[in-house]
Amino acid sequence: MRKSLLPSLLLVTMLVLIFAAAETEAGPLDSPGAQKALVCSACHGFAGNSPGNTVPILAGINANYFKKAIKDYAEGKRLSPEMEPYSKYVVQFGVDDIANYFASQKRQPAKVKADPNAVSRGATLATQCISCHGDKGDGDTEGTIPALRGQAAGFVQAQLALFKADKRKPEDAILEESKKRILKGLDNNDFADLAAYFASLK
Amino acid sequence: MQNLTRRNFLKASGLGAALLGAGGIRSFAAEAKRRVVVIGGGWGGATAAKYSRLTDPSIEVTLLEPSREFISCPFSNLVLAGVESLKNLTMNYNGLRKHGVKIRHEAAAAIEPDKRRVRVGKDSLEYDRLIVSPGIDFQWELVEGLAQAKDTVLHAWKAGPQTLQLAKQLQSLADGGVVVMTVPPVAFRCPPGPYERASMIAWYLHTKKPKSKLIVLDANKDIVSKTGLFKAVFKDYPNLDYRPSQKVEKIDVGAKEVTTEPGDKVKYDVINLIPPQRAGAIAVEADLVGGDKRWCEVDHVTYESVKQKNIHVIGDATIGLPVPKSGNVANAMGKICATAVVNLLNGKEPPVIAPGNTCYSWVNDKEAIAVVNAYKIENGKVVQIEQKLTPGKSVAVARNSLAWRASIWNDVLG
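Okay, structure coming up:
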């Protein structure tokens, strides 16, 4: 018995070592959120790092802000032919896992190169934005004010235009007031500059 | 200790606990060598190969794809109108190699389900699970005269040399010449594709050859996809003559004439005949297709064939799900199927995930329209949650389509 056990012991030790080696290679999709978010990467990029200019980068997004955005799209408060159906897709899974998945991903800076002149003009204009969005564009920790640092420029520009046209509104009356006041003096070129600036922040 | 099995010993020794903690027990036989073979490196197959490795890097994944280049069918209609180059739509498979996918640029000759292997030339590849993503093939025999003429009558329905040839024929067309395009009966690859193509060719003729016209002979009763949006777009093009319920029965290359089912004869200077379609030949030969001998029925959660165990089918070749045959759906199926396959190989329950569809169609050199579908799984079947269309054509939608392509090409190949 003892003699026959020894080869088994060796075998088991070897197998455990093999297992251990394999398990350290566990894939980046080993979470319920990653699996529920599988279809999102078609537009939002792997782990939420969208390479496209008009699709928002979700990596590192505040989970509360993400949940609010999904709710607003699903209720038709934010209009997007793309996100209205997909917000309901996310809702079917209960939102939390997907929100936590994207929140825990590392944001890589926007990939689309910006014109340095636009960035510099945007930096000047952005002095009006930083009291809420933070001097690095990090937003707030509660998830009321979104992080703009490294966000896709085309997306930010389009959102500014929607705010100005009153097609998107912050729920908070004070935020809406200040946003309207700032946007009143800005046009679409300014929005492009602002978006280029925030996209450039690493 | 008389009945000392390996598993009991693991538990007894405490080593099993470490193993369990590290991610669960896998069967030893399966762990020894788990092999996934993927047939076809299109939107579905390339995605499935990549995501199988991403989900579990210990699995050996081999992709069989004869072509060394991936050419995107989406956006190839823009090449016909000269607003995009085929070069911009052409990519390589190096990204997949970085994920550890073994690529063999060879065609799968046959599937042997009983032996769980795929024949490749004189060689054969064994698999534990096979993912078949064969795309579509054409049913030349359904149009009289087409089989004999097939290289001279262009389909341009698989992006590549034919796309360039058709673009060249359109460029060489004399102003005043007639272009005829035919739409096959459903189901076919990319339901809005023929209408996007019609819009882009009509735009091109309208701009460059104002005396020319485009006649669209549609085998279907009406525009198959984004119907209202395309109808509005077609009004922009007085040179576009759209004729529904005109199934092409016959082509006479000598007379430059097609005959439709009602008996109409239509003359052309340039013909683009999109033939009727079925699943790629290998799926038909391996008996993965249903009674219609055209498409493959699959489980809606795992994409396992209802006809053959351990063989999964994804992409345009599938039927029975309420989803279009689109690149976006193939990409979603590739990811979901890969996750299911890996979980099954690891003795785990596959997650229950439905696909999604984001589909843009360009209608001139600057503007596009879109349809978006979200789905869920109900009682094991894919059902639609919602479909949303853009209100009309716009530059903003066209911009979104460029962001989409940058992202999804990377998701498939990057």
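Those protein sequences? They're chains A and B, same order as listed. Counting along the first sequence from 1, when you hit position 125 you're at 1574 in the working numbering, and nothing is skipped either side. Counting along the second sequence from 1, when you hit position 404 you're at 1378 in the working numbering, and nothing is skipped either side. All C-beta atoms in this analysis are idealised placements derived from N, C-alpha and C, irrespective of residue type, glycine included. Every value quoted in this text rests on a predicted model; they were computed, and no experiment measured them.
Subject >> Cross-chain neighbours of residue 1491 of chain A in chain B, by beta carbon under 8 Å >> reply: 1302, 1305, 1306, 1330, 1332, 1378, 1381, 1382 and 1385
Original post:
To which residues does DSSP link residue 1043 of chain B through a beta bridge?
Top reply: B:1066
Subject >> Segments assigned beta strand (DSSP E), at least 3 residues, entirely inside the region 1082–1146 of chain B >> reply: 1084–1086, 1091–1094, 1097–1100, 1103–1106 and 1110–1112
Original post:
Would the region 1613–1631 of chain A and the region 1529–1544 of chain A be scored as touching if the rule is three or more Cβ pairs under 8 Å?
Top reply: no
Original post:
How about residue 1537 of chain A: is its C-beta nearer than 8 Å to some C-beta of chain B?
Top reply: yes
Original post:
What residue range is occupied by the uninterrupted beta strand (DSSP E) comprising residue 1262 of chain B?
Top reply: Careful: residue 1262 of chain B lies outside any beta strand (DSSP E) and carries neither H nor E.
**OP:** Taking 8 Å as the cut-off, decide whether the C-beta atoms of residue 963 of chain B and residue 1231 of chain B are in contact.
**Re:** What is shown of chain B runs 975 to 1388, which leaves residue 963 of chain B out entirely.
**OP:** Could you tell me whether the Cβ of residue 1595 of chain A comes closer than 8 Å to any Cβ of chain B?
**Re:** no
Original post:
Between residue 1218 of chain B and residue 1194 of chain B, is the Cβ-Cβ spacing less than 8 Å?
Top reply: yes
Original post:
Cα separation between residue 1640 of chain A and residue 1614 of chain A?
Top reply: 13 Å
**OP:** Would you check if there are 3 or more beta carbon pairs closer than 8 Å linking the region 1497–1506 of chain A to the region 1293–1313 of chain B?
**Re:** no
**OP:** Answer with buried or exposed for residue 1637 of chain A, where buried requires no fewer than 16 other C-beta atoms within 10 angstroms of its C-beta.
**Re:** exposed
Subject >> Ranges of the beta strand (DSSP E) found wholly within the region 1185–1236 of chain B, counting only runs of at least 3 >> reply: 1187–1192, 1214–1217, 1222–1226 and 1231–1234
**OP:** Please decide whether residue 1003 of chain B counts as near chain A, where near means a Cβ-Cβ distance under 8 Å.
**Re:** A caution first: residue 1003 of chain B carries a pLDDT of 46, below 50, which makes its placement in the model too unreliable to give a value.
Original post:
In chain A, which residues lie less than 8 Å from residue 1360 of chain B when you measure between Cβ atoms?
Top reply: 1533, 1534 and 1537
Subject >> Start-to-end residues for the beta strand (DSSP E) that takes in residue 1391 of chain B >> reply: As shown, chain B starts at 975 and ends at 1388. That puts residue 1391 of chain B outside it, with no answer to give.
Original post:
Where do the ends of the alpha helix (DSSP H) carrying residue 1485 of chain A lie?
Top reply: 1481–1485
Subject >> Cα-Cα separation between residue 1066 of chain B and residue 1058 of chain B, rounded to whole angstroms >> reply: 19 Å
Original post:
What are the boundary residues of the beta strand (DSSP E) that residue 1323 of chain B is part of?
Top reply: No beta strand (DSSP E) holds residue 1323 of chain B; DSSP gives it neither H nor E.
Subject >> Pairwise C-alpha distance: residue 1516 of chain A and residue 1634 of chain A >> reply: 31 Å
**OP:** Could you work out which residue in B:1028, B:1242 and B:1215 is closest to residue 1226 of chain B when comparing CA atoms only?
**Re:** B:1242
Subject >> Endpoints, the beta strand (DSSP E) within which residue 1286 of chain B is located >> reply: 1285–1287
Subject >> Presumed contact (8 Å Cβ cut-off) between residue 1320 of chain B and residue 1030 of chain B, rounded CB distance >> reply: 7 Å
**OP:** Kindly list the residues whose CB is nearer than 8 Å to the CB of residue 1601 of chain A, restricted to its own chain and excluding five residues on each side of it in sequence; keep chain order.
**Re:** 1499, 1501, 1502, 1503, 1504, 1505, 1506, 1559, 1561 and 1648
**OP:** Consider the Cβ of residue 1530 of chain A: report whether some Cβ of chain B lies at a distance smaller than 8 Å.
**Re:** yes
**OP:** State the CB to CB distance for the pair residue 1385 of chain B and residue 1490 of chain A, rounded to an integer number of angstroms; the pair is presumed to be in contact (CB under 8 Å).
**Re:** 5 Å
Original post:
In the structure shown, what three-state DSSP assignment does residue 1037 of chain B receive?
Top reply: strand
Subject >> Cβ neighbour criterion (16 or more within 10 Å) applied to residue 1092 of chain B >> reply: buried
Original post:
When burial is assigned at 16 or more other CB atoms within 10 Å of the CB, is residue 1122 of chain B buried or exposed?
Top reply: exposed
Subject >> Residue range of the unbroken beta strand (DSSP E) whose run includes residue 1333 of chain B >> reply: 1330–1336
**OP:** Measure the alpha-carbon distance for residue 1473 of chain A versus residue 1165 of chain B and round it to whole angstroms.
**Re:** Bear in mind that the predicted position of residue 1473 of chain A carries a pLDDT of just 38, short of 50, making it too unreliable to give a figure here.
Original post:
Mind pulling the chain A residues with CB within less than 8 Å of residue 1327 of chain B?
Top reply: 1484, 1485, 1487 and 1488
**OP:** May I ask you to verify whether the region 1143–1157 of chain B touches the region 1262–1275 of chain B, counting CB pairs closer than 8 Å and requiring at least 3?
**Re:** no
Subject >> Cβ-based neighbour list, residue 996 of chain B, same chain, cut-off 6 Å, excluding 5 preceding and 5 following >> reply: For residue 996 of chain B, the pLDDT reaches just 42, beneath the cut-off of 50, and the residue's location in the model is therefore unreliable, leaving the point undetermined.
Subject >> As assigned by DSSP and simplified to three states, the class of residue 998 of chain B >> reply: Because the pLDDT at residue 998 of chain B is just 42, under 50, the model does not fix this residue reliably, and the value given afterwards should be weighed accordingly. The answer is coil: DSSP assigns residue 998 of chain B none of H, G, I, E or B.
Subject >> Classification of residue 1571 of chain A by the beta-carbon crowding that lies within 10 angstroms, buried from 16 upward >> reply: buried
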